[in-house]
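Visitor: Just passing along the structure, written as structure tokens.
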Amino acid sequence: MTVLALASTITAAGVALTILFFAHGRTGDDRGGARAEMVTYFGLAALAALLCGAMNFLETAGGGTAAAAGGNATNVMAVGMVWAGARRLNRRRAVGAIGIVAGGIFLLGLTFLVPLEEATVLKTVGLVAFASLGAVESARRPLGDLRGSRLLVWTLGLYAGYNAARIGVVVVSGTAPLVEPGVVSPAATAIVSAVAIALVSASAVRIGRQL
Numbered sequence: 041m042t043v044l045a046l047a048s049t050i051t052a053a054g055v056a057l058t059i060l061f062f063a064h065g066r067t068g069d070d071r072g073g074a075r076a077e078m079v080t081y082f083g084l085a086a087l088a089a090l091l092c093g094a095m096n097f098l099e100t101a102g103g104g105t106a107a108a109a110g111g112n113a114t115n116v117m118a119v120g121m122v123w124a125g126a127r128r129l130n131r132r133r134a135v136g137a138i139g140i141v142a143g144g145i146f147l148l149g150l151t152f153l154v155p156l157e158e159a160t161v162l163k164t165v166g167l168v169a170f171a172s173l174g175a176v177e178s179a180r181r182p183l184g185d186l187r188g189s190r191l192l193v194w195t196l197g198l199y200a201g202y203n204a205a206r207i208g209v210v211v212v213s214g215t216a217p218l219v220e221p222g223v224v225s226p227a228a229t230a231i232v233s234a235v236a237i238a239l240v241s242a243s244a245v246r247i248g249r250q251l
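FYI, the working numbering numbers position 127 of the sequence shown as 167, with every residue one higher than the one before it.
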């Protein structure tokens, strides 16, 4: 079940990356401006999600701490890139892809220094933070006035809520439910991530058509 769920995540990320690649430019388009920036940031998010799925797949195959660290880092990077992209579309001060990547690298290194369960909880906290910030930013103008932005807001908000629920489960029951079958298991989390990737890519396409 977990393998199939991870495969769905990888497939969704791959499809999103392909769609964004073909959406990069139209005939006669100089590929500059807000549309190109949206494709760049959301494309990096899709690429990070694809790498995250691959790392998680390797972890289930016995990849150990290295695969887990890579999965944690790229997972946070994926959501962080969506937030950074939303800020760019709102013409606010740029966070920058480098800053998001640096945060992911910090989490990658931290995974080797603390127990894996604690690293997973820290990653989940990061997902809640970035998804919440992304939802708030996507609701701001001018991005919030574009068709597709509402879908982005709801997707990021629900994704933040799901991960917040995972943290709540840890507080109440410890980290065991994160690795056992259930609504916060790796398989369930992978399915939620696949759905979130599909919805974010759909909203990105709708937004991109108006830029």
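Even for Gly, the Cβ is constructed at its ideal location relative to N, Cα and C.
Have a look at Arg180 and Leu196 and give me their C-alpha separation to the nearest angstrom.
Guide: Here residue 180 corresponds to residue number 140 of the sequence shown, with the count starting at 1. Here residue 196 corresponds to residue number 156 of the sequence shown, with the count starting at 1. Those two C-alpha atoms are separated by around 14 Å.
Visitor: Quick check: the Cα distance between Val211 and Ala236, rounded to an integer number of angstroms?
Guide: Counting from one through the sequence shown, the residue named residue 211 turns up at place 171. Counting from one through the sequence shown, the residue named residue 236 turns up at place 196. Going from the Cα of Val211 to the Cα of Ala236 covers about 25 Å.
Visitor: On a CA-only basis, which of Ala171, Ala88 and Asp185 is nearest Tyr199? Give me that one, please.
Guide: Taking the sequence shown and counting its residues from 1, one reaches residue 199 at position 159. Residue Ala171 is the option with its Cα nearest to Tyr199.
Visitor: Is it buried or exposed for Arg133, if we count other Cβ within 10 angstroms and need 16 for buried?
Guide: Numbered from its first residue, the sequence shown carries residue 133 at position 93. The residue in question, Arg133, is exposed, as its Cβ has fewer than 16 Cβ neighbours within 10 Å.
Visitor: Consult DSSP for Asn130 and reduce its assignment to one of helix, strand or coil.
Guide: In the sequence shown, residue 130 corresponds to position 90, counting from 1. The answer is coil: DSSP assigns Asn130 none of H, G, I, E or B.
Visitor: By a C-beta neighbour count over all protein chains shown, 10 Å radius and 16 as the cutoff for buried, is Gly214 buried or exposed?
Guide: Locating residue 214 in the sequence shown gives position 174, counting from the first residue. Gly214 comes out exposed.
Visitor: Between which residues of its own chain and Gly248 is the CB-CB distance below 7 Å, once the five residues before and five after are set aside?
Guide: Counting from one through the sequence shown, the residue named residue 248 turns up at place 208. Cβ within range, chain order: Ala63, Arg75, Met78 and Val79.
Visitor: Quick one: grab the DSSP three-state call for Leu186.
Guide: On the sequence shown, position 146 is the one that residue 186 refers to. Three-state result, Leu186: coil.
Visitor: Is it buried or exposed, Gly222, if we count other Cβ atoms within 10 angstroms and call 16 or more buried?
Guide: Taking the sequence shown and counting its residues from 1, one reaches residue 222 at position 182. That one is exposed.
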